[in-house]
Structures are given as C-alpha cells and as structure tokens.
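Student: In the UniProt record's numbering, the protein residues as written are 1 to 95.
One structure follows; several queries about it will come next.
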Amino acid sequence: MGELEEQSSSSEKIDGSDEKGSRPRKRAALNAGRKTTKREKLEAMTDKIAANIENVDTDYAEKYEYLCKWMEFEKEEAEKQRSHELMMEERREAA
C-alpha cells in the first residue's frame, strides 16, 4: 500500500502540480500563449466600434442622400409648377 501512495504522489509531481493543488505547469504554459493583453483587447474594441460607426454613417448617408435627391426633385417640381402658374396668369391678363 505504501508503494501506491508513493507512486501517486510522484505522478502528481510529474504533472507539475504542487501539494497545494495548484494548476499543472503544462496547462498554465498553454494558457499563457493564448492570453491577450488589455491593450490588444482595447485595440480590438476600438476597431470594432470604429467599423460600426462607419457602417452607421454609410446607412445614414444613403438615407440622407435619398432624402436630398427627393427634396431636390420636389424643389424642381415646385419651380415648374410656379412657372406654369405664372405663364397661365400672364395669358389671362393678355386675353
């Protein structure tokens, strides 16, 4: 029985865990390679926010472009109607 206990404790030491039950070194080394820094996270978030703002701007730009074209069309139509009314008024006065 004493031999089994010695083998199990020696296998724990091979895994890299201490008697206190901390994480194995092998797993910690793998996690350290994948860990991102706070600066990288902030850069990623600011890039994402900037991309979203650009998308919002293009969406609104298309909407406002359409509205500007529509208002320009309405303005031209109002000018045509006003010129037609003036022409009709002049004809009535001449008659």
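All C-beta atoms, glycine included, are put in the ideal place defined by N, C-alpha and C.
The structure presented is a predicted model; accordingly, all values stated were derived computationally and were not measured.
1) Roughly how many angstroms lie between the CA atoms of Ile49 and Lys75, to the nearest whole one?
2) May I have the straight-line CA-CA distance separating His84 from Tyr60, to the nearest angstrom?
3) Would DSSP call Lys48 helix, strand or coil?
4) Just verifying my parser: in three-state terms, what is the DSSP assignment at Ala61?
5) How many angstroms separate the CA atom of Arg92 from the CA atom of Glu65?
Tutor: Once the coordinates are examined:
1) 38 Å
2) 36 Å
3) helix
4) helix
5) 41 Å
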